[in-house]
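Peer 1:
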Amino acid sequence: LDAGEYDAIILAASGLKRLGLESRIRQIIATQLSLPAVGQGALGLECRTNDSAVLELIAPLADAKTEVCIRAERAFNKTLHGGCQVPIAGFAVLDGEDLFLQGRVGKPDGSVLLKAEVRGMPENAEVLGQQLAQALLDQGAGPLLAALYD
1 LDAGEYDAII LAASGLKRLG LESRIRQIIA TQLSLPAVGQ GALGLECRTN
51 DSAVLELIAP LADAKTEVCI RAERAFNKTL HGGCQVPIAG FAVLDGEDLF
101 LQGRVGKPDG SVLLKAEVRG MPENAEVLGQ QLAQALLDQG AGPLLAALYD
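Just so we're aligned: the sequence shown equals residues 1 to 150 in UniProt numbering.
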């Protein structure tokens, strides 16, 4: 960018902050403009279920709010049979006492973009994800996604 080879580069703001380059951030892209893929920004840890020492070490890393949001997003993606090769976006956030979940399904060329959102109790995260997927299926997401898998 500094050499003039690019007009812009889109990077994660959190990464730039960690590198001490926060002053280089020119704009944060709002979710209204570009919704992320399901699970973006969340880290998952995996270990043996019977390894109590490791489980104890990683327990403080668990974040209940993130877990609720990711459960909703993953249920949304699973209901749509999403994968890495299809244009599905999903983003959940806790908003006061509610879980707010937004979803998008589109054509790769951008000619079609279906949008939906749901709101409900965090304890119903998976159901909300399924409801969001159904709202997009009701708008025609099924045939749109099926065409991409063929």
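Ideal Cβ positions, reconstructed from N, Cα and C, are used throughout, including at glycine.
Taking just the CA atoms, how far does A13 sit from L19?
Peer 2: The straight-line gap from Cα to Cα measures roughly 10 Å.
Peer 1: Give me whichever residues DSSP pairs with D98 in a beta bridge.
Peer 2: The partner list for D98 (beta bridge, DSSP) reads D95.
Peer 1: Determine, using beta-carbon pairs with one atom in the segment 48-64 and one in the segment 107-115, whether at least three such pairs fall under 8 Å.
Peer 2: No contact exists between the segment 48-64 and the segment 107-115.
Peer 1: Using three-state DSSP, classify E46 as helix, strand or coil.
Peer 2: E46 falls in the coil class under three-state DSSP.
Peer 1: The alpha helix (DSSP H) spanning K115 covers which residue range?
Peer 2: No alpha helix (DSSP H) contains K115, which is instead part of the beta strand (DSSP E) from L113 to G120.
Peer 1: Measure from the alpha carbon of P60 to the alpha carbon of each residue in I70, L45 and A3, then state which is nearest.
Peer 2: Checking every option, the nearest Cα to that of P60 belongs to L45.
Peer 1: Which whole-angstrom value describes the C-beta separation of A133 and L80, a residue pair presumed to lie in contact below a C-beta threshold of 8 Å?
Peer 2: With a Cβ gap of about 5 Å, A133 and L80 count as contacting.
Peer 1: Report the rounded CA-to-CA distance for A3 versus G15, giving the unit in angstroms.
Peer 2: Taking the straight line joining both Cα atoms gives about 21 Å.
Peer 1: With C-beta atoms as the reference, is G90 less than 8 Å away from E67?
Peer 2: No, they are not a contact pair.
Peer 1: Taking all protein chains shown into account, do 16 or more other C-beta atoms lie within 10 angstroms of the C-beta of R104, making it buried, or fewer, making it exposed?
Peer 2: Label assigned to R104: buried.
Peer 1: Answer with buried or exposed for N77, where buried requires no fewer than 16 other C-beta atoms within 10 angstroms of its C-beta.
Peer 2: N77 is buried by the Cβ-count criterion.
Peer 1: Between G82, T49 and I88, which has its C-alpha nearest K107's C-alpha?
Peer 2: The shortest Cα separation from K107 among G82, T49 and I88 belongs to I88.
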